[in-house]
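Here the sequence shown stands for residues 7 to 187, where the numbers follow my numbering. Below is one structure, written out as structure tokens, with a few remarks after it.
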Amino acid sequence: MFFSHEELLKKNEVKATFFVVGTKAEKYPELIQRMHNEGHLIGIHNYVHHSNWFMSPWKVRKGLKNTAKAIKSITGVTPIYYRPPWGMLNLFDFIRRGKYKIILWSIMAEDWRTSGGSEKIKHRLANIEGGDVILLHDCGNTLGAESEAPRNTINALRDVLKTVKTKGFICVYVDELVEKL
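Now the structure itself:
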């Protein structure tokens, strides 16, 4: 049986932080509303999934503004957390730090490709420690990604979430981690 990330998280009573692309939020507002209704935190990934290194600071700023506007129009909440595509920052990102809190990760599951399957993802996540920020993907249609890759992520998460509970960890929103720093 195939579950979406949201269904698997709901089944395991896990709350997550989703960093969304603005154009996707506009295209799938019902999904953004569902994330919000189910209690997940929603942050900005950017308006389009392009590297900030190849966009002008003005285009990045406009993208953040448009994405924040789209998320707020759907959920009623203005997002303040921002994860730039590929974690690549430009000068603008540092200037705008006061408005948005930049979030990166400590463990990357490398789940955008199908090679290695869910076993590769489980291996990458095997050494989770308290305070880790885990980067996962739910879309296989961006540059460099493979369309079937999200299925591997979901299959791996079934076991990884059990391991997290066994280790005595709980999954928290990224804002809860930021507050503890």
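Idealized CB from N, CA, C, for every residue including glycine.
Which residues DSSP lists as bridging residue i, in chain order
| i | result |
| --- | --- |
| Asn52 | Val27 |
| Tyr87 | Lys107 |
| Ile113 | Ile140 |
| Leu47 | Thr23 |
Residue range of the alpha helix (DSSP H) that includes residue i
| i | result |
| --- | --- |
| Lys75 | 63 to 81 |
| Pro123 | Looking at the sequence itself, residue 123 is Gly, so the reference to Pro does not match. Element bounds for Gly123: 123 to 130. |
| Lys168 | 155 to 172 |
| Asn18 | Segment: none, Asn18 is in no alpha helix (DSSP H) and carries neither H nor E. |
| Arg40 | 35 to 43 |
| Phe60 | From DSSP, Phe60 is part of no alpha helix (DSSP H); its letter is neither H nor E. |
| Phe98 | 97 to 101 |
| Val180 | 180 to 186 |
Beta-carbon proximity of residue i to residue j, cut-off 8 Å
| i | j | result |
| --- | --- | --- |
| Val166 | Leu131 | yes |
| Val180 | Val139 | yes |
| Asn201 | Thr120 | This structure cannot settle anything about residue 201, because the visible part of the chain is limited to 7 through 187. |
| Glu87 | Lys107 | Correcting the residue identity first, residue 87 is Tyr in this sequence and not Glu. In this structure, Lys107 lies closer than 8 Å to Tyr87 by Cβ. |
| Ile134 | Phe175 | yes |
| Val83 | His55 | no |
Assumed close pair residue i, residue j - CB separation to whole angstroms, cut-off 8 Å
| i | j | result |
| --- | --- | --- |
| Pro90 | Asn52 | 6 Å |
| Ile50 | Phe24 | That belief does not hold up - the Cβ atoms of Ile50 and Phe24 are roughly 10 Å apart, past 8 Å. |
| Ala31 | Thr73 | 7 Å |
Next item on the list: Decide if the segment 37 to 46 is in contact with the segment 61 to 71; the criterion is three or more beta carbon pairs, one per stretch, under 8 Å apart.
Entry: no
Next item on the list: Mind the definition here: the segment 122 to 136 touches the segment 155 to 164 only if three or more C-beta pairs lie below 8 Å; say whether that holds.
Entry: yes
Check: Is it a yes or a no for the segment 58 to 67 touching the segment 24 to 42, going by three-plus beta-carbon pairs under 8 Å?
Finding: no
Item checked: Any 3 or more C-beta pairs closer than 8 Å across the segment 107 to 122 and the segment 77 to 85 -> no
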